[in-house]
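> Numbering (our numbering), first residue to last: 32 to 386. Supplied in structure tokens, the structure appears directly below.
Following this line, the structure appears as structure tokens:
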């Protein structure tokens, strides 16, 4: 379970992001660097766009930053925290190279918060060469930690560490993945724990469920793929009747939770999920309702068993009681606004029949 070392929010001296050009890493970089209004926290701006009225932070003569806290009706006003940020992509630093640990030593300072978000995901290959590269990244980050240390380490893991078919997931659920991608994160978590313990670096392990939002490149089965095929083909393809339920968290919520973890010095393990699971049919119907064009839902033969996964998010609500999650429909709306010129809020009807 996660514990907060700082009861009051405080800006880290500096944040260094490894994997800054990835799906989550790029959103996180913008979130920290540009200053962002958050839906449900501080008004009606998109959590993916800089504060429009004030302009980008770089033009205001202010530090770059982010907005945290709840700004909804009856809630406390938003809290402005400013994070100096260094974001490194794989093109700027190859974490698999033998020289990576030494290069990190020249970049990261003792008081910095390090966010390790770099990983080759399932779509890049679930095979031994990919596993080897992912472990090489962790080895070099671990060597850096053991030799130099930093102020705080946040490792972005995955819910893939849990046993396949596990219906209700908590932070203390058994980690027994059925594939190499999940095993990758199990081993990397252990490597980060081993190395951070050697130098006393506080470690936060964050395990997100499926993440959706603009810019996703993974094309996993769920909101992002459904939006793409609805826009491109006017169709959404479901396995079986789309009965399986999954939790899908919006990328803006991921950024806010990571920001809160950094601001409070979180240490321990925390699942990042909304606590509300939707069937894939419900997700498809939400996409149909968001896209202002006719969309047909087609049902394909199922090849595997029906499984469900729900998350107990008591831990998030215990440490961040004012946190408000972005609903599925709102997340889809913001994704459409950010990625297309198609009006949102359409009322296209789902069509098609089960096989």
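For each residue, glycine too, the CB sits at the ideal point set by N, CA and C. As the structure is a prediction and not an experimental result, all values here were calculated from the model.
(1) Using a Cβ-Cβ cut-off of 7 Å (strictly less than) and excluding sequence neighbours within five positions of residue 161, which residues of its own chain qualify?
(2) Could you pull the start and end residues of the beta strand (DSSP E) that residue 243 belongs to?
(3) Is the shortest distance between the beta-carbon of residue 288 and the beta-carbons of chain C less than 8 Å?
(4) Looking at C-beta atoms only, is the number of pairs between the segment 178-194 and the segment 223-243 that lie closer than 8 Å three or more?
(5) Taking 8 Å as the threshold (C-beta atoms), are residue 321 and residue 360 in contact?
(6) Tell me, please, which residues DSSP counts as bridged to residue 278.
(7) For the beta strand (DSSP E) that residue 356 lies in, which residues bound it at each end?
(8) Could you check if residue 302 is buried or exposed, using at least 16 other CB atoms within 10 Å of its CB as the buried criterion?
(9) Pick out whichever of 263, 244 and 265 has its Cα sitting closest to the Cα of residue 255.
(10) Using only CA atoms, which one of 138, 34, 206 and 324 lies nearest to residue 118?
(11) With distances taken Cα to Cα, identify the nearest neighbour of residue 335 among 205, 305, 196 and 287.
(12) Hey, out of 358, 315, 286 and 191, whose CA is closest to residue 272's CA?
(13) Tell me the DSSP secondary structure of residue 198 in three-state form.
(14) Since residue 183 is in the beta strand (DSSP E), which residue starts that stretch and which ends it?
(15) Which of the three DSSP states is assigned to residue 9 in this structure?
(16) Helix, strand or coil for residue 221, going by three-state DSSP, please let me know.
(17) Based on DSSP bridge pairs, tell me the residues matched to residue 114.
(18) So the candidates are 65, 126, 208 and 370; which of them puts its Cα closest to the Cα of residue 116?
(19) With DSSP collapsed to three states, give me the class of residue 250.
(20) Give the secondary structure of residue 5 by DSSP, where H, G and I count as helix, E and B as strand, and everything else as coil.
So, to answer that:
(1) Excluding sequence neighbours, residue 161 sits near 151 and 155.
(2) 241-243
(3) Here there is only one protein chain, and chain C is not present.
(4) Yes, the segment 178-194 is in contact with the segment 223-243.
(5) A contact, by the Cβ cut-off of 8 Å.
(6) 308
(7) Careful: residue 356 lies outside any beta strand (DSSP E) and carries neither H nor E.
(8) buried
(9) 244
(10) 138
(11) Residue 335 has its Cα closest to that of 196, out of 205, 305, 196 and 287.
(12) Looking from the CA of residue 272, the closest CA among 358, 315, 286 and 191 belongs to 315.
(13) coil
(14) Where residue 183 is concerned, the enclosing beta strand (DSSP E) stretches over 183-187.
(15) For the chain, the structure presents residues 32 to 386; residue 9 sits outside this window and is missing.
(16) helix
(17) DSSP lists no partner for residue 114.
(18) Nearest option by C-alpha distance: 65.
(19) DSSP places residue 250 in coil when its eight states are reduced to three.
(20) Here the chain covers residues 32 to 386 and nothing more, so residue 5 does not appear.
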